[in-house]
């Protein structure tokens with residue numbers, strides 16, 4: 006089944022404790038991206054990747070890191086989480102940047118205390 | 007900067023009625039996609055409909071259709087014969103290399 010797998014679905018952590026949210030797709034997609042969703046603001050793009058080893062900042066990259074060492078995986082890393090990073094996070098992928106259809110993961114609800 | 011504006015934070019209609027959600031966007035690009043996504047309480051993002059900017063014909067998907075006005079930079083979603091399962095947040099989004107989202111419209115279908 007074609008899908009984007011995102012883990013974990015829920016995560017509670019404390020300020021400053023490094024964490025990684027994983028994202029994996031099984032569709033051989035070139036384009037992958039991360040978003041955060043906050044009430045009243047919709048989704049905002051954090052980082053995106055056009056292909057392996059190619060990543061670019063989105064609208065809100067501060068406090069986040071990503072890597073794209075393999076085509077299927079695109080983890081989101083928070084080196085030192087802070088409470089303002091409490092949010093709902095989505096990973097998504099598509100065949101190419103202008104392919105027109107994004108496939109989304111199920112979301113990760115992160116709470117930083 | 008590219009922006010997407012959804013001017014209706016919340017709407018409610020009776021079941022079986024028709025409802026239109028508005029979306030406007032701002033871009034200097036000529037090649038892009040526009041989307042409507044639905045997010046039910048399960049949080050899953052579900053693609054409702056998409057429109058390629060170079061296509062003049064409005065996209066339709068069963069009970070869902072759009073009114074795409076490229077010159078006016080408007081992309082409204084019409085839901086016909088609304089159903090209780092249509093209750094959700096609806097997001098309009100613009101994409102070329104980045105995906106820019108509106109703030110969303112909460113749609114409530116009343117029985």
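Chains as they are written, first to last, in my numbering: chain A, 6 to 118; chain B, 7 to 117. Just so it is clear, CB atoms sit at the ideal spot from N, CA and C, and this is done for glycine as well.
- Can a CB atom of chain B be found closer than 8 Å to the CB of residue 50 (chain A)? Position 45 of the first chain holds residue 50 (chain A). Output row for residue 50 (chain A): interface = yes.
- Query: Counting only beta-carbon atoms, is residue 112 (chain A) nearer than 8 Å to chain B?
  - Reply: If you number the first chain from 1, residue 112 (chain A) lands on position 107. It does; some Cβ of chain B falls within 8 Å.
- Below 6 Å CB to CB, which residues in the same chain sit around residue 37 (chain A) once its five sequence neighbours on both sides are set aside? To locate residue 37 (chain A), count along the first chain from 1; it is residue 32. The residues are 54, 79 and 98.
- Query: Where does residue 99 (chain B) land, buried or exposed, given buried means 16+ other C-beta within 10 angstroms?
  - Reply: Stepping through the second chain from its first residue, residue 99 (chain B) is reached at position 93. That one is buried.
- Task: Identify, in the order they occur along the chain, each residue of the same chain with its Cβ nearer than 6 Å to the Cβ of residue 15 (chain A), setting aside the five sequence neighbours on each side.
- Result: Taking the first residue of the first chain as 1, we reach residue 15 (chain A) at position 10. Taken in chain order, the residues that qualify are 114.
- Could you tell me if the beta carbon of residue 101 (chain A) falls within a distance shorter than 7 Å of some heavy atom in the ligand SAH? Looking at this structure, you won't find the ligand SAH or any other ligand, since it has none at all.
- Message: Can you pull out the residues from the segment 19–31 of chain B whose beta carbon lies closer than 9 Å to at least one beta carbon of chain A?
- Response: Within the segment 19–31 of chain B, no residue places its CB atom closer than 9 Å to a CB of chain A.
- Grab me the residues of residue 18 (chain B)'s own chain with a C-beta within less than 7 Å of its C-beta, minus the 5 sequence neighbours each way, in chain order. For this step, residue 18 (chain B) is matched to residue 12 along the second chain. Here the set comprises 114 and 116.
- In or out: residue 103 (chain B) buried (at least 16 other Cβ within 10 Å) or exposed? Working through the second chain from its first residue, we reach residue 103 (chain B) at position 97. Classification for residue 103 (chain B): exposed.
- Message: Considering Cα atoms alone, identify which of A:43, A:63 and A:57 is closest to residue 35 (chain A).
- Response: Here residue 35 (chain A) corresponds to residue number 30 of the first chain, with the count starting at 1. It is A:57.
- Message: Less than 7 Å between C-beta atoms, sequence neighbours within five positions excluded: which residues of the same chain meet that for residue 10 (chain B)?
- Response: The residue labelled residue 10 (chain B) in the question sits at position 4 within the second chain. Cβ within range, chain order: 29, 31, 98, 99, 100, 106, 107 and 108.
- Task: Please confirm if residue 91 (chain B) has its CB atom under 8 Å from at least one CB of chain A.
- Result: Taking the second chain and counting its residues from 1, the one referred to as residue 91 (chain B) is at position 85. For residue 91 (chain B), the answer is no, since every Cβ of chain A falls outside 8 Å of its Cβ.
- On the premise that residue 95 (chain A) lies in contact with residue 30 (chain A), defined as a C-beta separation below 8 Å, what is that separation, rounded to the nearest angstrom? Working through the first chain from its first residue, we reach residue 30 (chain A) at position 25. Working through the first chain from its first residue, we reach residue 95 (chain A) at position 90. Their Cβ separation, rounded to whole angstroms, is 13 Å, which puts residue 30 (chain A) and residue 95 (chain A) out of contact at 8 Å.
- Item | Cβ pair residue 52 (chain B), residue 39 (chain B) closer than 8 Å | One-based indexing of the second chain puts residue 52 (chain B) at position 46. One-based indexing of the second chain puts residue 39 (chain B) at position 33. Against a cut-off of 8 Å, the Cβ pair of residue 39 (chain B) and residue 52 (chain B) comes out as no contact.
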